[in-house]
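Just below is one structure, and these are the notes that go with it.
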Amino acid sequence: MCELLTNATGNREDSNQTLIQIQNRMEEQIPEENLVLHEWNIIPPKTEKRFCSPHAAGRLSKPKPHDSERKVWKVSDIAKAGSLLLTPPQRIEFRDEQEMRRVYTLIYDVFRYKSVLNQALKDIAFFLLYPEFVNQSSRVWLLLYDMYHRGFKKREVRAQPVAAKMFSACQLTEVEQVLWDQRVKLAAAIARLRIEKSALRLSDLLPQHLRGDKCTSQDVAPVTCWVNIRKMRNKDVLCDELSSKLGVTLIESDLTLGPDHFKWDPHCPNFLVLHPSVRTKLAQSILVKKNKLIVQSKAFCVGPATFGKLIADLQLTGSVIQTHVNSPRTVAYLATILSQNGNIKKLLAFSAGNRKKEYENYFSELGMKNILIYSEKLIDMSPDAHCLEEAIAVFATPPNSYTAVTDPIDLVCGRGGDLSMLEILTESEESKETRERVASILEEQRSTLRYAMSRPQVQFVLYETHSELDAENVNMVEKAMKEINRIAKIHHAALQGKLDVSQQETIFR
């Protein structure tokens, strides 16, 4: 069972249990396919129109307003998305990895279109009419986005009882009702926006950087996951289970991947690559549910694999540091690699903040015993802290802009359901807050590298970002190197008595 790692109150725990019970009960009564909201997405027209002239068919087959943006999601997906969009988020349990991706994809799209949705709401003075929903704007966007994709029509009859019970459990009923009451005005407002901008599709109203649907890349990209050797040590047994449960067999890494095959990645240890057609089956398999396989993009595993190889090649002995728990799955993968190196004692992971206990529970579920989690940031630790005495290498993973990420949903799932990251990735315009956040990110990157590179016992520092900006990559490393070299020269001068104490303090500030 996949679980979102967030804080929750007792009342919301009860609400979540109610939601799960309703979902289980309703899905027992209604077949899976009947729970899909938009049957026009998946059911072809009952009658086929015939035309005497092919040109007539072309004239009459103009795309409907929603054709290019059709989505399929369930009532339960909307309910869980609504629960996650509460402040603070409600603790949610997902049936499997696939449901998790579906819910976060829905939220990602809502955030992408929030500027358009908000403008439509503003045009009809929605929040002036209903000020009680000002603090629930993201949940209002969610239900308006869903209503738009229904063509501002009622849900199909068989989905209505499910929606009524689930929405009541997660406090969405009132929001949906007031949106329904304003549906005509909202439809007209969105139509005016499209006419004003000559937008054939709703996505044409978005800023250019938000128009591309990054989530569709998963349909063509290979499915990747790493093997949790704490729960699955025998590769032959794993191959047998993959064959029996997914119908795939092992091929050599240099061969072309087909729907019935999988192969080992040549760069990352214990890392599987499968055909995109088995994504759903894998996500719902017992191998993933039992944490024997951890689904994750290779982009987030290359860093740990490189770090582990450097340690092995240099034959280092001691403990190692990861500066930030940027993704629990990434930390767990690094711990898996390090557990196979008898010279490495512990992985010390910092910057867990108030999620320290939750991360520890997650690593315990995976069977990881070689990780020590710290709430504090590494840069806030005293240089002579006892836990750092045996640290011989640093994997520097400070916050970054993630501008090079191709699959934001994989990023968010890997980070344990970080909705703030989705909000950042879907910002439509630069603001004062954006500039301040960028400055803060650059400063933390600089401080992290400076701290890591100034430890005398540290043999190497591996710096990782998922940014395409030079300011966070080459330029950041070059500046850090210059600063460290400058500090080393000053320190050397001080040892020779060429600087007094007051001069040193001034220079080091």
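Using my numbering, read the sequence shown as starting at 621 and increasing by one per residue.
Glycine is no exception: its CB is placed at the ideal position from the N, C-alpha and C atoms.
Of the candidates Glu1064, Leu762, Ala919 and Arg821, Ala919 places its Cα closest to the Cα of Asp1030.
Taking the CA atoms as reference points, Tyr1083 sits about 41 Å from Asp766.
Proximity to Lys909 across Arg853, Leu986, Val1058 and Phe787 peaks at Leu986, based on C-alpha coordinates. Out of Val798, Trp761 and Ser735, the CA that lies nearest to the CA of Asp824 is found in Ser735. Its chain contains Phe731 as the residues whose beta carbon lies nearer than 7 Å to that of Glu1043, once the 5 sequence neighbours on both sides are disregarded; these appear in chain order.
In this structure, the alpha-carbon of Ser1087 lies about 15 Å from that of Arg1066. Between Val760 and Leu741, the CB-CB gap stays under 8 Å.
Put simply, of Glu794, Phe927 and Asn854 the residue whose alpha carbon is nearest the alpha carbon of Glu752 is Glu794. Taking all protein chains shown into account, Leu1115 has fewer than 16 neighbouring C-beta atoms within 10 Å of its C-beta and is therefore exposed.
As computed with DSSP, Tyr1083 is found in a beta bridge with Ala1016. Between Glu717 and Ala841, the C-beta gap is not smaller than 8 Å, which leaves the two residues out of contact. Taking each of Lys901, Ile849 and Pro879 in turn and checking the Cα distance to Phe891, the smallest one comes out for Ile849.
Phe772: not part of any alpha helix (DSSP H); DSSP gives it neither H nor E.
Using a 10 angstroms sphere on the CB of Ser1021, the tally of other CB atoms reaches 16 or more, which defines it as buried.
Three or more Cβ pairs closer than 8 Å define a contact, and the stretch 919 to 932 meets that threshold against the stretch 1005 to 1017. Bounds of the alpha helix (DSSP H) holding Gly923 are Val922 to Leu934. In this chain, Cys790 is not harboured by any beta strand (DSSP E), its DSSP state being neither H nor E.
The stretch 812 to 873 contains, as complete alpha helix (DSSP H) runs of 4+ residues, the segments 828 to 831 and 855 to 866 (chain order). Closest option to Gly832, judged by alpha-carbon separation, among Asp1027, Lys1109 and Lys694: Asp1027. Just measuring C-alpha positions, the residue of Tyr750, Ile964 and Arg1106 sitting nearest Asp801 is Tyr750. Under the three-state reduction of DSSP, Ser939 is assigned to strand.
Assigned with DSSP and collapsed to three states, Leu913 falls in strand. Separation of Ala701 and His1006 (C-alpha to C-alpha, rounded to the nearest whole angstrom) is 43 Å. Scanning the stretch 976 to 1062 for uninterrupted beta strand (DSSP E) segments of 3 residues or longer gives 991 to 993 and 1011 to 1016, listed from N- to C-terminal end. In the three-state reduction of the DSSP assignment, Leu894 falls in the strand class.
Inter-residue distance for Leu858 and Thr869 is about 11 Å (C-alpha atoms, whole angstroms).
Just so you know, the alpha carbons of Trp846 and Met852 end up roughly 11 Å apart. Inter-segment contact for the stretch 962 to 977 and the stretch 989 to 1003 is present: three or more beta-carbon pairs are separated by less than 8 Å. The closest CA to that of Leu830, considering only Phe927, Ile744, Asp729 and Ile815, is found on Asp729. The beta carbon of Ala783 sits closer than 7 Å to those of Val695 and Arg775, all from its chain and outside the five residues before and after it, given in chain order.
For Glu796, same chain residues with a beta-carbon under 7 Å away, outside a window of 5 residues either side, are Leu763 and Phe787 in chain order. Classified as buried, Gln710 has 16 or more neighbouring CB atoms from the shown chains inside 10 Å of its CB. Under DSSP, the beta-bridge partners assigned to Phe882 are Leu870 and Leu894.
Buried is the label assigned to Thr950, since at least 16 other Cβ atoms lie within 10 Å of its Cβ. A Cβ-Cβ distance of about 26 Å is found for the pair Ile744 and Leu704, leaving them out of contact under the 8 Å criterion.
The Cβ atoms of Thr1085 and Asn1095 lie no closer than 8 Å to each other.
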